[in-house]
Amino acid sequence: MSVPKTSLPPTLRFQDLDRAYVAGQWIAGTTTFKVNNPATGELLAEVADLSPEQIDQSIDAAAEALPAWSAKTAHERSAILKKWHALLLANAESLAQTMTAEQGKPLAEARGEVGYAASFLEWFAEEAKRAYGEVIPTAFAGKRYSTIRQPCGVAVAITPWNFPIAMLTRKVGAALAAGCTMVAKPAAETPLCALAIAKLAHEAGVPPGVFNVVTTTRAAEAGEVMCRSPKVRVLSFTGSTAVGKRLYRQCADTMKKLALELGGNAPLLIFDDADIDRAVEGAMISKFRNAGQTCICANRIYVQSGIYAEFTARFTQKVAALKVGNGAEDGVVIGPLISAKAVQKVDRLVRDALAKGAKVLVGGAAHTRGGHFYQPTVLEGIGAGMDILGEEIFGPVAPLIRFETEAEVLAKANDVSVGLAAYVFTRDLSRTIRLTEGLQSGIVAVNDSVPAVAVAPFGGVKESGLGREGGRQGLDEFLDTKYVCIGLA
Ligand code: ADP
1 MSVPKTSLPP TLRFQDLDRA YVAGQWIAGT TTFKVNNPAT GELLAEVADL
51 SPEQIDQSID AAAEALPAWS AKTAHERSAI LKKWHALLLA NAESLAQTMT
101 AEQGKPLAEA RGEVGYAASF LEWFAEEAKR AYGEVIPTAF AGKRYSTIRQ
151 PCGVAVAITP WNFPIAMLTR KVGAALAAGC TMVAKPAAET PLCALAIAKL
201 AHEAGVPPGV FNVVTTTRAA EAGEVMCRSP KVRVLSFTGS TAVGKRLYRQ
251 CADTMKKLAL ELGGNAPLLI FDDADIDRAV EGAMISKFRN AGQTCICANR
301 IYVQSGIYAE FTARFTQKVA ALKVGNGAED GVVIGPLISA KAVQKVDRLV
351 RDALAKGAKV LVGGAAHTRG GHFYQPTVLE GIGAGMDILG EEIFGPVAPL
401 IRFETEAEVL AKANDVSVGL AAYVFTRDLS RTIRLTEGLQ SGIVAVNDSV
451 PAVAVAPFGG VKESGLGREG GRQGLDEFLD TKYVCIGLA
């Protein structure tokens with residue numbers, strides 16, 4: 001396969017990533033697919049497009065590698081994960097530039113993601129050593145009870161394009177630490193980041209077959225092969241709720257263990273008693289990080305009436321000042337959306353809201369520079385029945401909703417089918433306790449807008465999914481508990 005003309009910076013070390021990584025080998029697909037820079041449209045690479053049969057073979061490779069990998073001591077696995085972690089940090093700048101080129105996020109955010117992604121490898125390298133079982137006080141004199149925790153087996157990961165490295169390391173770090181082997185399928189929009197990570201895994205000494213990256217545009221077929229295979233014992237997915245539900249159904253026949261990190265619809269509540277500087281800053285970060293393309297981005301911003309006018313004026317002024325452009329350029333804070341389809345979806349939500357009575361305070365349309373750019377937007381006058389309240393926006397659009405009482409806003413915040421993250425800005429301790437307990441979400445951030453971190457469990461309730469990633473809990477997804485009962489002679 002020839003290396004195509006590319007708009008990746010020529011100094012990068014990840015230039016030649018056009019093949020999938022299976023059983024420690026770089027393999028071609030049955031055909032190729034194009035990866036383009038969402039800011040410029042330029043071709044970055046033509047990558048191996050694997051067939052469903054090749055996906056199946058990669059599962060075989062992971063199954064073959066399993067006995068030796070799971071037999072290693074936790075310390076041995078940990079040492080390899082730590083080397084991998086160090087290599088991510090040593091290559092942080094190249095990884096970040098590759099990410100900005102294929103995903104579009106501003107370079108500063110890409111650098112941040114590389115550090116965040118690496119932190120999962122370090123965290124799980126440590127947690128590997130703490131997969132404790134327990135000795136259970138006996139109930140009968142002649143018997144002894146204990147538990148041991150063992151790797152589930154082969155795991156598969158299906159990951160999205162919005163955090164192309166962190167969503168992968170959050171899964172593979174835990175899987176490999178637990179003693180599982182893994183086949184990972186990155187999104188077709190961002191395969192280069194995943195392949196770069198595979199290259200570093202190889203250099204770190206991850207044995208062949210222990211970590212495989214399969215690139216394909218045939219996502220549904222790949223998903224079916226992965227779900228149907230009896231060799232696969234765990235499926236860890238991050239992506240849309242619709243696809244998550246489909247995978248859940250598909251895994252029923254082989255009874256896999258599932259970790260599903262699906263869509264959110266985060267409410268951000270700002271009370272009259274909030275520190276307004278913090279609330280404005282927090283809403284900006286929560287809403288506009290990654291151009292609004294994160295599953296924990298504030299989707300609905302509820303502002304109490306006493307602070308509404310001041311908050312709205314200050315927030316809108318800041319949004320109007322956001323610099324939109326190619327994430328590789330200095331000072332840009334809002335990059336492109338991932339695709340033309342994403343721009344159309346965001347615009348549909350804005351049009352629907354406007355048709356039903358919402359008002360534009362700033363933005364309100366695709367950006368005049370064209371391509372995949374959307375204007376940072378603030379809407380007010382949001383009311384029941386608008387699609388923007390019920391759907392994940394996944395773009396730089398902030399709907400503001402005025403409210404009067406805590407009880408009213410809590411009911412509205414919870415009135416959705418999903419529950420991933422929620423944000424509260426208040427200085428009242430009792431209110432904080434009532435809301436952290438009352439909000440139906442897997443994550444509540446109080447006076448903070450960046451809750452995701454390797455040491456804490458990330459995941460949702462309701463239709464936002466199953467299981468937790470990161471934290472002490474992240475390892476559990478890849479471990480089975482075995483109970484041992486010994487009768488004494
Ligand atoms: P998004 O809308 O953010 O792209 P998706 O859920 O469509 O979210 O994609 C997340 C991941 O799921 C990607 O790797 C994508 O290729 C994959 N995917 C999409 N459809 C399917 C499917 N039917 N089966 C398995 N994986 C899928």
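This note's numbering numbers the first residue of the sequence shown as 1 and each following residue consecutively. C-beta: ideal position from N, C-alpha, C; glycine also.
Check                                                                                                                                                                                : Outcome
In the DSSP assignment, find the unbroken alpha helix (DSSP H) run with R402 in it and report its ends.                                                                              : Segment 397-403 is the beta strand (DSSP E) holding R402; no alpha helix (DSSP H) there.
Taking the beta carbon of E53 as the centre, do at least 16 other beta carbons fall within 10 Å, making it buried, or is it exposed?                                                 : exposed
Using the beta-carbon count (16 or more within 10 Å), is G357 buried or exposed?                                                                                                     : exposed
Please state the DSSP three-state secondary structure of A276.                                                                                                                       : The amino acid at residue 276 is misidentified as Ala; the sequence shows Ile. In the structure shown, I276 sits in a helix (DSSP, three-state: H, G or I).
I'd like to know whether the C-beta of Y483 is nearer than 7 Å to at least one C-beta of chain D.                                                                                    : The structure shown contains no chain D, having only a single protein chain.
Considering just the uninterrupted stretch of the alpha helix (DSSP H) at S119, what are its terminal residues?                                                                      : 107-127
Within 10 angstroms of the Cβ of M182, are there 16 or more other Cβ atoms? Answer buried if so, exposed if not.                                                                     : buried
Kindly confirm or deny that the stretch 234-248 and the stretch 161-179 touch, where touching means at least three C-beta pairs closer than 8 Å.                                     : yes
Helix, strand or coil: how does DSSP classify G383 here?                                                                                                                             : coil
Hey, would you say the C-beta of G465 is under 6 Å away from at least one heavy atom of ligand 1?                                                                                    : no
Could you check how far apart the C-beta atoms of V343 and A366 are, in whole angstroms? I think they sit under 8 Å.                                                                 : 6 Å
Does H75 pass the burial test, meaning 16 or more other C-beta atoms within 10 Å, or should it be called exposed?                                                                    : exposed
Could you pull out every unbroken beta strand (DSSP E) segment of at least 3 residues lying fully inside the stretch 192-275, listed in chain order?                                 : 211-213, 232-238, 257-261, 266-270
Look at A411 and L439 and say whether their C-beta atoms are less than 7 Å apart.                                                                                                    : no
Buried or exposed for G41, going by 16 or more other Cβ atoms inside 10 Å?                                                                                                           : exposed
Please look up how many angstroms separate the CB atoms of A283 and L337, rounded, as I've assumed it's under 8 Å.                                                                   : A283 to L337, Cβ: 20 Å. No contact.
Pick from E122, Q103, G142, S464: whose alpha carbon is nearest that of F163?                                                                                                        : Q103
For T481 and Y132, I'd like the C-alpha separation in whole angstroms.                                                                                                               : 10 Å
Would DSSP call A184 helix, strand or coil?                                                                                                                                          : strand
Return helix, strand or coil for M1, following the three-state DSSP convention.                                                                                                      : Any reading at M1 must be qualified, since the residue scores a pLDDT of 36, below 50, and its modelled position is unreliable; no value is offered.
Taking the alpha-carbon positions, what's the D56 to I27 distance?                                                                                                                   : 14 Å
Quick check on the DSSP output: the beta strand (DSSP E) that includes D352 runs from which residue to which?                                                                        : It is not in any beta strand (DSSP E) - D352 instead sits in the alpha helix (DSSP H) that spans 340-355.
Output the distance between the C-alpha atoms of I388 and F288, rounded to the nearest integer angstrom.                                                                             : 16 Å
Can at least three beta-carbon pairs, one atom from the stretch 90-105 and one from the stretch 211-219, be found at a separation below 8 Å?                                         : no
Please list, in chain order, all residues of the same chain as K256 whose beta carbon is under 8 Å from its beta carbon, the five residues on each side excluded.                    : C227, V232, R233, V234, L235
Can you confirm whether the stretch 192-203 touches the stretch 65-73 when touching is taken to mean that 3 or more C-beta pairs between the two stretches lie within less than 8 Å? : no
Can you look up Y308 in the DSSP assignment and give me helix, strand or coil?                                                                                                       : helix
Should S58 be labelled buried (16 or more other beta-carbon atoms within 10 Å of its own) or exposed?                                                                                : buried
Please name the residue, chosen from G306, L420, L247, I401, that lies closest to N265 on a Cα-to-Cα basis.                                                                          : L420
Roughly how many whole angstroms lie between the Cα atoms of G153 and Q25?                                                                                                           : 21 Å
Who are L50's beta bridge partners in DSSP?                                                                                                                                          : Beta-bridge pairing links L50 to no other residue.
Label L258 either buried or exposed according to how many other C-beta atoms from any shown protein chain fall within 10 Å of its C-beta, with 16 as the threshold for buried.       : buried
Could you please give me the residues that DSSP links to K143 through a beta bridge?                                                                                                 : G487
In the DSSP assignment, the alpha helix (DSSP H) including I393 goes from what residue to what residue?                                                                              : Here I393 belongs to no alpha helix (DSSP H), and DSSP marks it neither H nor E.
At a cut of 8 Å, does the stretch 373-389 reach the stretch 320-339 through at least three beta carbon pairs?                                                                        : yes
Return the chain-ordered list of same chain residues with a C-beta closer than 6 Å to the C-beta of V484, the five sequence neighbours on each side being excluded.                  : S146
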